[in-house]
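Structure first, then comments.
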Amino acid sequence: MSDPQVAARLRAAGCVWAEDEAALLEDAADSVAKLERLLARRVAGEPLETVLGWVEFLGRRLVVAPGVFVPRRRTELLARLARDGADAAPAGGRSVVVEMCCGVAPVAATLEGTDAEVHACDVSATALSCARSNSPSAALHRGDLYDALPGHLVGRVAVLAANAPYVPTARVADMPPEARDHEPRVALDGGADGVDLHRRLAADAVRWLAPGGALLVETSPAQAGLTTGAMAAAGLATYVETDDEVGGCVAIGVSR
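Offset between the sequence shown (1-based) and my numbering: plus 344.
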């Protein structure tokens with residue numbers, strides 16, 4: 345049972361699940377001094393996940409660090425769909441899967457232990473350092489979207505999955521302080537209507553996708569039409585998958 349005083353400090357700081365968080369912090373600390381350091385960080389508003397150094401995602405503990413985007417549970421839908429797409433490779437074949445805007449690489453991590461050839465890309469060195477721990481077998485690339493990818497992948501990608509930012513610029517200020525103040529703006533701000541990067545992803549996807557390959561982009565139900573519209577304009581056949589249990593929404597564009 346957690347120390348009631350620890351839970352009380354967390355509750356006073358606005359932590360809704362104070363008792364649960366207290367137990368996790370106590371479990372992570374091997375001394376009173378370390379517990380106090382962790383507690384002080386959490387009370388100051390840092391996300392619990394970066395204080396602990398991990399986040400649970402589809403049964404795995406993924407490494408996270410201060411200054412990275414923390415994977416949400418809704419992204420589990422994107423990861424499951426990417427894995428399903430990778431598993432659909434012809435017998436004897438090996439699917440190429442790319443996680444774009446990968447952050448700490450939750451999708452790539454989900455593909456560990458499969459036969460897929462996995463690549464993950466991001467602009468953040470800090471995020472890619474976490475990605476290396478989470479998906480040690482993936483090839484990691486640093487750069488801006490497709491500029492990061494090696495040319496030999498052109499026309500070979502079976503699944504291109506991305507949790508690109510989709511919060512409209514004017515709405516970033518309304519996000520919870522844990523995200524707004526502690527996660528990189530570049531991982532949150534999707535432009536005026538939230539789908540600037542979705543348009544860039546869709547515009548060049550056909551060049552990289554194999555015949556029948558799919559672009560999977562996490563979005564919101566309100567923006568799904570904009571995302572699929574960008575995919576359709578690029579020549580992709582589109583549809584949307586949702587999962588109410590995790591709150592996930594993924595726009596899908598298939599190479600014709």
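Note that the Cβ used here is the ideal one computed from N, Cα and C, for glycine as well.
- CA-to-CA, the gap between Ala-547 and Leu-504 works out to about 13 Å.
- By the C-beta criterion, the stretch 409–420 is judged to be in contact with the stretch 589–597, since at least 3 inter-stretch pairs fall below 8 Å.
- Just measuring C-alpha positions, the residue of Thr-572, Asp-587, Arg-524 and Val-550 sitting nearest Pro-410 is Arg-524.
- Taking 4 residues as the shortest admissible run, the stretch 467–508 contains the following complete alpha helix (DSSP H) segments, listed from N- to C-terminal end: 469–478.
- Spatial neighbours of Leu-383 in its own chain (CB-CB distance under 8 Å, excluding positions within 5 residues in sequence) are listed in chain order as Val-350, Arg-353, Leu-354 and Leu-369.
- Separation of Ala-482 and Ala-460 (C-alpha to C-alpha, rounded to the nearest whole angstrom) is 9 Å.
- Going by DSSP, Leu-379 is part of the alpha helix (DSSP H) stretching over 376–387.
- When DSSP assignments are scanned along the stretch 552–582, the uninterrupted stretches of alpha helix (DSSP H) that are 4 or more residues long and fall wholly within it turn out to be 568–577.
- Taking a cut-off of 8 Å for Cβ pairs, the stretch 514–529 and the stretch 385–404 touch, as three or more such pairs fall below it.
- Listed in chain order, the alpha helix (DSSP H) elements of length 4 or more contained wholly in the stretch 403–460 are 419–431 and 450–454.
- Taking Arg-544 as the centre and dropping the five residues before and after it, the same chain places the C-beta of Leu-489 closer than 7 Å to its C-beta, in chain order.
- The three-state secondary structure of Glu-527, taken from DSSP, is coil.
- Take Phe-413, set aside five residues on each side of it, and the residues of its chain with a beta-carbon closer than 6 Å to its own are Gly-447, Glu-527 and Ala-531, in chain order.
- For Glu-400, the enclosing beta strand (DSSP E) has its first and last residue at 398–401.
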